[in-house]
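Asker: Mapping the sequence shown onto my numbering, position 531 (from 1) lands on 545, and the numbers just tick up by one.
We put the beta carbon where it would ideally sit given N, CA and C, even for glycine.
Predicted, not measured: the structure shown is a model, and the values here were computed from it.
Have a look at the structure that comes next, please.
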Amino acid sequence: MYPKFRLRTLTLAVASVFSVTTFAYAQTTPPETVKSTEENSQDAKAKARTGDKKTEAASKDNIQKVTISGGRTDQEERRQSTAAKIIFGREELDRNGDSNLGEVLKRLPGVTVGGRPGRGGDIRMRGMGNGYTQILLNGERAPRGFSMDSLTPDQVERIEIIRGTVAEYSTQAIAGTINIVLREEYKQKDIDLKLSMGYEQGRLAPNVSLTVPGEIGNLSYALSGSVFQNRQHDDGSTFTSSYDHGPQRDPQTLSETLIQNQYDQTNRRTIGIHLTPRFNYRFENGDTLMVQPFLMNSRSDSSTRSDVNLIDHYVIKSNNPTDPNSSNNFKESVTNGDFAVATGTAHAETTFLRGFGNWQHKFEGNSKLNIKFGGGLGKMDSNSLRYQFDKNGNQIDMFSDVNNTRDSSINTGGKFTMPYGEGHTLAAGWDMEMGKRSQTRISLDNGKPQFAESGDNLDANTRRLAVFAQDEFDINPQFSAYAGLRWEGIKTSSTVGGNAIENTSSVWSPVLHGVWRIPGAGKDQIRASLTQSYRAPALSDLIAVTSISNQNSFYRPDRTGNPFLKPELSKGIDLAFEHYLTRAGIISANFFVRDINNLIRRSTDPVQVLDLADGLYKTRQISKPVNIGHATTKGIELEAKFQLQEFFPDGPAIDVRSNYSHFWSTVDDIKGPNNRLDQQPTQTANFGLDYRPAGIPLTVGGNINWTPAYEIQSSNVQINQTGIKRQVDLYGLWKFNPNLQVRLSANNLRANDYLSGSIVNSDTLNRIDYNTSKTYTTWTLRIEMKL
15 MYPKFRLRTL TLAVASVFSV TTFAYAQTTP PETVKSTEEN SQDAKAKART GDKKTEAASK
75 DNIQKVTISG GRTDQEERRQ STAAKIIFGR EELDRNGDSN LGEVLKRLPG VTVGGRPGRG
135 GDIRMRGMGN GYTQILLNGE RAPRGFSMDS LTPDQVERIE IIRGTVAEYS TQAIAGTINI
195 VLREEYKQKD IDLKLSMGYE QGRLAPNVSL TVPGEIGNLS YALSGSVFQN RQHDDGSTFT
255 SSYDHGPQRD PQTLSETLIQ NQYDQTNRRT IGIHLTPRFN YRFENGDTLM VQPFLMNSRS
315 DSSTRSDVNL IDHYVIKSNN PTDPNSSNNF KESVTNGDFA VATGTAHAET TFLRGFGNWQ
375 HKFEGNSKLN IKFGGGLGKM DSNSLRYQFD KNGNQIDMFS DVNNTRDSSI NTGGKFTMPY
435 GEGHTLAAGW DMEMGKRSQT RISLDNGKPQ FAESGDNLDA NTRRLAVFAQ DEFDINPQFS
495 AYAGLRWEGI KTSSTVGGNA IENTSSVWSP VLHGVWRIPG AGKDQIRASL TQSYRAPALS
555 DLIAVTSISN QNSFYRPDRT GNPFLKPELS KGIDLAFEHY LTRAGIISAN FFVRDINNLI
615 RRSTDPVQVL DLADGLYKTR QISKPVNIGH ATTKGIELEA KFQLQEFFPD GPAIDVRSNY
675 SHFWSTVDDI KGPNNRLDQQ PTQTANFGLD YRPAGIPLTV GGNINWTPAY EIQSSNVQIN
735 QTGIKRQVDL YGLWKFNPNL QVRLSANNLR ANDYLSGSIV NSDTLNRIDY NTSKTYTTWT
795 LRIEMKL
């Protein structure tokens, strides 16, 4: 039987993570930076505030006088923002010496990363991925196919987590928004050089990162880039037990039983380069122009091998199929079509070129106009070849797949901001984006197209238009509010095999945030938000191009899109309490609820498909997305960050970082229990320490990341299971002098196996798939120099 995963209790997590919630944490002030001109109006107002407000007149005077600032702490930015926003700067990005951004994000409050440790995965806020979490790059939607795991922390200036929607950004953020702001240290004077070497299973992964600042007259710039190479080896196994008791390919077959183990190995080598230069020009009249290109190129080659240990595979047949109890029933072994060994090779090359630009003009009275512009090109080419052999070494199949995809986009937008009346800051603007994708894909089985739907060329166009207005205002010295309204429309048109299909949707999204600074309670405050957001169907979910599965079954179906999908609509409430401490520490609790309509889930059904090899129609299991109804999710997110000397002045110099989140969700149209949102865990927690021994220039620390095992009832007949994740990361930092330091880190020190699986139990099929994937410890030595 399938070993059932068991969820850990909430009590243990609360005890381990929040035994220290009476303390506070102090973050070191990050390097002085000057904020980019594309900041939203609430940030601009936040910079105008200096500590607690004393009078409305003082607040208004500050707004008029202050336009940009430097050296402001991440904690102060968070406190002064009217919308709930958490900012993590260079200190958080550099602390553990991570090789990719996903490793940094997994430690942030309420953020989880899908997949096995050390191999990345989709980024999720509140346990919700697959489009629920909006990922932005410099405030713009990331290009199609872009993965945050491909971005190194050295290329990033800061990470902004926005728990509720704001009108200025797209409201495609039911779970929230993660905004990745690329390096903008154009005021720095030193050249930064970072050399690192990763080590995993005897395989080396070098990385070189360089930032060169400069200034020529009114032009300031920072030329940043990195090159890297990575080698990885993966091991995994899958146990399958399947009993199919419906009509089979042969009308005389009454049932089919399969029991086997499959062992998979993959070797992969990836090389890449990232370039993120930034240019800022100040005109004589005070206007500013910022231009930041972003270039990423990566190339990956891999080889795979699969070995099948067939324990049993047989069918029950009858010469009288209309009578299942007939005495003529007999057992027959199945060998045809079974492969014992499969080998494959794959090559992929990806190039992204993205440009960001922002022009700002200031008017009298502190009004200003921001115009942003940008565009991008994407090129993704991949090919793979797979051979399958029987137990005697005879080749029985050869599958080839070639996929060439081209993406292009252009976008523009603007925002006009002006102070108005007593403490109001009004803003209005627009966003417009046009994108195009062309894809050529050829999937062949032994040199021939497998089915009539395979190999079709695709052309798709997306147009997005949005307008918004927002007002951030101070009602009194204790209470600030933000009100916004955004309309966003998306039109997608695609042509597949000569057939043109369009999908059009539009959404109104009102947004309201409020902050109450508790009188007489220092910097303590309460936040509340009412928001409306949505999730637009992904382009791949709209386009009806079938992706063929070589081992087609209910568990491994072909996949296609649905051009008639509607966007998911959500209404949300957020309530939060924040207790700020004297050393910039914080203890906070955030509660949220999301009510979701038009929920999208994938449905797998048998479909008759024309087999081009013999001209006959055959039954294929095909998965496509559909709107299934209504769902709700809610949760609580707790955070405590403090410096131990906040409460024990004579104690050791220890910083503590901890957060814990618990999530609940229910999908109405799927039977329970565990009818939760897809891939949403029940809990997640982080606990970290940083220690600076007295008298020596050393800092040591580490972090424990924990997500318990959980089950999801993904449909009325299928349960998906995910095993426990426990990641332990350690690091040590030795500062030789202000210009030289060395960091040694170990990620995923425990290297536990990652378990996952699926159970299908329908009228015709009972199947268990149990997957075990190895994980590994990665050691990294990093030298950081200022020249």
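(1) Is residue 817 near residue 281, with beta carbons less than 9 Å apart?
(2) Alpha carbon to alpha carbon, how far is residue 716 from residue 608?
(3) How about residue 186 and residue 145: do their beta carbons lie closer than 9 Å?
(4) When DSSP builds the beta bridges, which residues end up paired with residue 174?
(5) Between residue 358 and residue 292, is the Cβ-Cβ spacing less than 9 Å?
(6) To the nearest angstrom, how far is the alpha carbon of residue 454 from that of residue 620?
(7) Do you know how far the Cα of residue 762 is from the Cα of residue 739?
(8) Tell whether a beta-carbon distance below 9 Å holds between residue 581 and residue 546.
(9) By Cβ distance below 6 Å, which residues in the same chain neighbour residue 33 in space, the five residues on each side in sequence not counted?
(10) Is there a Cβ of chain D sitting closer than 9 Å to that of residue 702, yes or no?
(11) Smallest Cα separation from residue 366: which of 348, 393, 344 and 384?
(12) Where does residue 771 fall in DSSP's three states?
(13) Could you say if the segment 638 to 657 and the segment 588 to 607 meet the contact criterion of at least three C-beta pairs nearer than 8 Å?
(14) How is residue 620 classed by DSSP in three states: helix, strand or coil?
(15) On the three-pair Cβ rule with 8 Å, is the segment 552 to 561 touching the segment 491 to 499?
(16) Are at least three pairs of beta-carbons, each pair with one atom in the segment 731 to 751 and one in the segment 768 to 775, less than 8 Å apart?
(17) Throw me the rounded Cβ distance for the residue 234 and residue 197 pair, which I believe falls under 8 Å.
(18) With a 10 Å radius around its C-beta and 16 neighbouring C-beta atoms as the bar for buried, classify residue 168 as buried or exposed.
(19) Run through DSSP, which three-state label would residue 670 get?
(20) Quick check on residue 554: does DSSP put it in helix, strand or coil?
(21) What are the residues that DSSP puts in a beta bridge with residue 758?
(22) Excluding the 5 residues flanking residue 131 on each side, which residues of the same chain have their C-beta closer than 7 Å to its C-beta?
(23) By Cβ distance below 7 Å, which residues in the same chain neighbour residue 649 in space, the five residues on each side in sequence not counted?
(24) If we count the other Cβ atoms within 10 Å of its Cβ and call it buried at 16 or more, is residue 783 buried or exposed?
(25) Quick one: grab the DSSP three-state call for residue 144.
(26) With residue 473 and residue 423 assumed to form a contact (beta carbons below 8 Å), what rounded beta-carbon distance in angstroms separates them?
(27) For my contact list, residue 747 and residue 713 are in at a C-beta cut-off of 8 Å; report their separation, rounded to the angstrom.
(28) At the level of alpha carbons, what is the spacing between residue 632 and residue 409?
(29) Using the three-state DSSP reduction, which class does residue 486 fall into: helix, strand or coil?
(30) Would the segment 95 to 112 count as touching the segment 683 to 695 if we require 3 or more Cβ pairs under 8 Å?
(31) Are three or more beta carbon pairs between the segment 425 to 433 and the segment 370 to 383 nearer than 8 Å?
(32) Using the three-state DSSP reduction, which class does residue 732 fall into: helix, strand or coil?
(33) Please state whether DSSP places residue 805 in a helix, a strand or coil.
(34) To which residues of the same chain is residue 343 closer than 8 Å at the C-beta, ignoring the five residues directly before and after it?
(35) So residue 572 and residue 557 are supposed to be a Cβ contact under 8 Å. How far apart are they, rounded?
(36) Classify residue 433 as helix, strand or coil using the three-state DSSP reduction.
Answerer: With the given structure in hand:
(1) As displayed, the chain neither begins before 15 nor continues past 801, which places residue 817 out of reach and without an answer.
(2) The alpha-carbon atoms of residue 716 and residue 608 are separated by roughly 34 Å.
(3) Against a cut-off of 9 Å, the Cβ pair of residue 145 and residue 186 comes out as a contact.
(4) Looking at the DSSP assignment, residue 174 forms a beta bridge with 101 and 193.
(5) No. Outside cutoff.
(6) The C-alpha of residue 454 lies about 26 Å from the C-alpha of residue 620.
(7) The alpha-carbon atoms of residue 739 and residue 762 are separated by roughly 10 Å.
(8) In this structure, residue 581 sits away from residue 546, with a CB-CB distance that is not shorter than 9 Å.
(9) Any reading at residue 33 must be qualified, since the residue scores a pLDDT of 36, below 50, and its modelled position is unreliable; no value is offered.
(10) Given the protein chain composition of this structure (a single chain), no chain D is represented.
(11) If we check each option's Cα against that of residue 366, 393 comes out closest.
(12) Residue state, collapsed to three classes: strand.
(13) Output reads yes: the segment 588 to 607 touches the segment 638 to 657.
(14) Residue 620: strand per DSSP, three-state reduction.
(15) Taking a cut-off of 8 Å for Cβ pairs, the segment 552 to 561 and the segment 491 to 499 do not touch, as fewer than three such pairs fall below it.
(16) These segments touch.
(17) The pair is not a contact, with the Cβ atoms about 13 Å apart (cut-off 8 Å).
(18) Within a 10 Å sphere around the beta-carbon of residue 168 sit 16 or more other beta-carbons, which makes this residue buried.
(19) Annotated three-state conformation of residue 670 is strand, per DSSP.
(20) DSSP places residue 554 in helix when its eight states are reduced to three.
(21) DSSP output for residue 758 lists 746 and 795 as bridge partner(s).
(22) 739, 741, 762, 768 and 789.
(23) The beta carbon of residue 649 sits closer than 7 Å to the beta carbons of 140, 606, 675, 676, 677 and 678 from its chain, once the five residues preceding and following it are set aside; these are given in chain order.
(24) By the 10 Å Cβ count, residue 783 comes out buried.
(25) It is coil, neither helix nor strand.
(26) Wrong, their Cβ atoms sit about 15 Å apart, outside the cutoff.
(27) Indeed, because the Cβ distance is near 4 Å, the residues count as touching under 8 Å.
(28) When rounded, the separation of the alpha-carbon atoms in residue 632 and residue 409 is 23 Å.
(29) Three-state DSSP puts residue 486 in a strand.
(30) Contact between the segment 95 to 112 and the segment 683 to 695 is not established, with fewer than three Cβ pairs separated by less than 8 Å.
(31) As far as the Cβ criterion goes, the segment 425 to 433 touches the segment 370 to 383, which means the pair count is three or higher.
(32) If DSSP states are grouped into helix, strand and coil, residue 732 belongs with the strands.
(33) This structure gives no information on residue 805, because the portion of the chain shown stretches from 15 to 801.
(34) Answer for residue 343: 268, 330, 331 and 332, listed in chain order.
(35) That pair is no contact at about 14 Å.
(36) Reduced to three states, the DSSP call for residue 433 is strand.
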